Amino acid sequence: MIIHVDMDAFYASVEERERPELVGRPVIVGGTPEGRGVVAAANYVVRKFGVHSAMPTSTALRLCPQAIVIPPRHAFYAEVSGQIRRILDSYTPLVEPLSLDEAFVDVTGCEPLFGSAVKIAKEIKHTIRQRLRLVASAGVAPNKFLAKIASDLRKPDGLVVVEPSAVQAFLDPLPIGRLWGVGRVTAEELKRIGISTIGQVRTTPLPVLQQQFGKAGEHFWRLAQGIDDRKVIPDREAKSISHETTFAIDLTDLEVLRAKLLELVEQVGWRVRQHDLRGRTVQLKVRFANFHTITRETTLDKPTNITREIWEAATGLLENCGLGTQRVRLLGVGLGGFAASHAVQLSLFPDEGRQKQTQLDQVADLIRDKFGGKALHRGSTIRPHFDRPESD
Amino acid sequence: MKLTCQRSALATAFQTVAGIVPARTPKPILQNIKLQATMEGATLVATDSEVGIRYRVGEATVDAPGELLLPKNKTNDILREMVGDTITLEKTDEVLWIRGDRAEYRLGSEDPVEFPNVSGFEANEYYILQTGALKQMIRRTLFACDTESTRYALGGVLIDLKGDVATFAATDTRRLAVTKCACAMQGKVEVRNGTPVVPSRAMSLIERSLGDENEPVWIAIDTNHLLLKTAVTTIYTRLVEGRFPKYQDVIPRHATSTVDLVAGPFHMAVRQSLIVTNEESRGVDFRFAPGILTLVSQAADVGESKVELPIGYDGPEVSITFDPRYIAEFLKVLTAEQPLKLELTNADNAALFKTEDGYNYVVMPLSRDR
């Protein structure tokens, strides 16, 4: 069984714990409206006003003018996240963190030691509450996909268990938006062919879905049956580390795509360096508006974890994958082929260029550790028309 | 023109110069080899525009002087398959005839006027090296070149001729080979600024075309080319453009441990340890302890190995990780009984292999952490 542990309003809850006077009042953790900031986290009081994360703070304050805006303290949240991680690690090494505030835990085989998965999930929630005075929701299910839905169903402080025998009964009534990979656009397309619940996806013949959505159609269909074979992979054992993003609006401009790619590469580079890995294979994934998905990869001369080197390889792949004028829906980048040992051939003549790039990454990582992932960007990722529809 | 010569002598000359004929080229004429016949004898000429060679064909009888172009592939096949001792080459109008004992070929032949000129050796002031020493210098350095480097001009061998010492150096930034030999000057050779780097292609052509060990070799270097002459051949090469790193600075001078080794047995142990390495984990741990060297290698999906070798060493234990291929390539160019010294500081610094005749080979180790 898999447990998905998801902290409730994590940043906001940490702030409430540190400053008890905030409890019961609407709290937004995020940037200031003057600085055109966005909501990083919102507590449950302010959520009642319709405020949610990623919303511009100015909009949030229009919805709830009395909300208290607190600047985020990422380094501190990361520290708390580490404490949560240690609680999870005490049950099994099979912990796959998804972000600072959520993780998958594979407790298969832990039963003789710690009791049933449900008992472990209850203990984890209890321990987090006792030791850290924070509230977590948990989902317990036979696979990752179901566990993640389950943890989200009864937030806050939820515990939802999906027994292997009850998968269909659990999934069927849920709206299609719960399917992993179904966003607003796909949901509308599904609704057009008369599908609005996961149960309806399950009973739709597979060829119909494949015709409409290609490979993704099969993916949706399998999920609707409750099938998800993805394993819980601790980062340190990962064969590759990747990030991908689905755009709110399909993109065509190569320059914009390159900049989006750099953002993804920055995240991949950071995670790879966190685990002190070096990889030789750079992978690129592009999904077009028609769901056609291509992957390309290239092998580097030597293993790297330098953002610039990953980026050069990734942009090379992007430029050579024949984008043309096709609209791009999703972009992903990964680094794999990790060197088995950390042995690195030293050079007689220090490579000044490479050394500088390594130092640059180290400084950037320090800044991000201290001020959060969004604290620092490369100039070329900042484009004024990024998240607005392209005018031409 | 017409000439008669020994088939074996022509074949030897032909194969030597054919090494520089480009397989693919925007100038198809370069896929020919030019035969020049004068009353003094016959010479084969080939070039790829960067490197050119003139090679004298032994024991040729010239009946009518002149020039012709031999298409490389067809001529090579004919020389290989033909029987009989003598061979006659003749050009009448635009047609090339190759005649042997019981075979005759008629080939189309392009106009030799179109073939680019390959400079001859015209310098009056030059350096003189001995053929045997030059061959050894090339063998000891050529393997360490890096034809793919973009940072430095490493796609060749640095040739430093000063007074009565010739120094050759080559590096791919991970290891460095430096060797010296005696040389002499003819006339007063002007000391040039900068460091001429000869492309590795030209160096291997030189090595292959050198003959008798005791013959002298003349070398003249100009701003952007080098010319070399022996009794039978003249080679012209452009120099590699770009910067060669300051190699003298990286030769370690303050080693803390010195190990005595003999090339043959050491090479055998390294080859044994090479078996259990792969692309991902190439490192082999070299553990030096009093009286014994242990080579330990581990490769995921392959296995592990441990190889021991008795050595002349009585200092403290030192452990260092090398890419064993770099060590094997160095040992391969030495004779089996060649004694050598290995000077070590620690696991993160360059190691220096030295022979008594002034051959230095510096290798950077693999680092375990960073």
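So the sequence lines, in the order shown, correspond to chains A and B.
According to my numbering, the stretch in the first sequence is residues 1 to 392, in order.
According to my numbering, the stretch in the second sequence is residues 1001 to 1370, in order.
From the three backbone atoms N, C-alpha and C, an ideal C-beta is built for every residue, glycine too.
None of these values were measured; they are calculated from a predicted model.
If the five residues before and after S13 (chain A) are omitted, its C-beta is found closer than 6 Å to the C-beta atoms of L134, all from its own chain and listed in chain order.
S1149 (chain B) does not reach chain A, its nearest Cβ partner there being about 10 Å away, counting only Cβ pairs nearer than 7 Å. Residue contact with chain B for Q362 (chain A): absent (no Cβ-Cβ distance below 8 Å to any residue of chain B). Between P1026 (chain B) and the set B:M1082, B:S1049, B:A1347, the nearest pair of CA atoms involves B:S1049.
Within the same chain, and ignoring the five residues on either side of K239 (chain A) in sequence, the residues whose Cβ sits closer than 7 Å to its Cβ are G336. Taking 8 Å as the cut-off, the beta carbon of N43 (chain A) is found closer than this to the beta carbon of P26 (chain A). Taking a C-beta cut-off of 7 Å against chain B, none of the residues of the segment 76-91 of chain A qualify.
Here DSSP, grouped into helix, strand and coil, assigns A1018 (chain B) to helix. Comparing alpha-carbon positions, the option among B:E1067, B:S1149, B:V1021 lying closest to D1111 (chain B) turns out to be B:E1067. When the alpha-carbon of M7 (chain A) is set against those of A:D89, A:C64, A:S99, A:V328, the nearest one is in A:S99.
Setting aside the 5 residues that flank it on each side, E297 (chain A) is surrounded in the same chain by T281, Q283, each with a C-beta closer than 6 Å to its C-beta; the list follows chain order. For the C-beta of V45 (chain A), not a single chain B residue is nearer than 9 Å; the gap to the nearest is close to 48 Å. C-alpha of P142 (chain A) to C-alpha of F338 (chain A): approximately 30 Å in a straight line. The alpha carbon of K215 (chain A) has as its nearest neighbour, out of A:R192, A:Q168, A:T252, A:N290, the alpha carbon of A:N290. Counting every other CB atom within 10 Å of its CB across the protein chains shown gives T32 (chain A) a total below 16, marking it as exposed. In this structure, the straight-line span from the alpha carbon of F1121 (chain B) to that of T1234 (chain B) is close to 7 Å.
Counting only the Cα atoms, D89 (chain A) lies some 12 Å from S81 (chain A).
Counting along the chain, M1203 (chain B) sits inside the alpha helix (DSSP H) bounded by residues 1200-1209.
Just so you know, the alpha carbons of R1080 (chain B) and N1214 (chain B) end up roughly 30 Å apart. Residue ranges of uninterrupted beta strand (DSSP E) with 3 or more members, entirely inside the segment 10-39 of chain A and ordered along the chain, are 27-30.
Residue-level contact by beta carbon fails for D1160 (chain B) and chain A, as no gap is shorter than 8 Å.
Excluding sequence positions up to five before and after M1082 (chain B), its CB lies within less than 7 Å of the CB of R1007, G1100, A1103, all in the same chain and listed in chain order.
Secondary structure note for K191 (chain A): its alpha helix (DSSP H) is the uninterrupted segment 184-192. CA-to-CA, the gap between L1295 (chain B) and E1308 (chain B) works out to about 6 Å.
By alpha-carbon distance to R258 (chain A), the top candidate from A:K155, A:G269, A:Q326, A:A314 is A:A314.
Here DSSP, grouped into helix, strand and coil, assigns T1147 (chain B) to coil. Taking C-alpha positions only, I198 (chain A) is separated from Q225 (chain A) by approximately 9 Å. A distance below 7 Å between beta-carbons, with the five flanking residues on each side excluded, links R1243 (chain B) to the following residues of its chain, in chain order: Y1152, A1153. Ranked by Cα distance from A1133 (chain B), the options B:K1180, B:I1159, B:P1324 are led by B:K1180. For T1173 (chain B), the residues of chain A that pass the 7 Å Cβ criterion are S347, L348, F349, in the order they occur in the chain. For A1009 (chain B), same chain residues with a beta-carbon under 7 Å away, outside a window of 5 residues either side, are V1057, G1058, E1059 in chain order.
A residue is called buried once 16 or more other Cβ atoms fall within 10 Å of its Cβ, and E16 (chain A) is buried on that count.
Against chain A, the beta carbon of D1323 (chain B) has neighbours under 8 Å at Q345, listed in chain order.
Taking every protein chain shown into account, the CB of E188 (chain A) has fewer than 16 other CB atoms within 10 angstroms, so this residue is exposed. The C-alpha of N1124 (chain B) lies about 7 Å from the C-alpha of G1187 (chain B). For A1269 (chain B), the enclosing alpha helix (DSSP H) starts and ends at 1263-1274.
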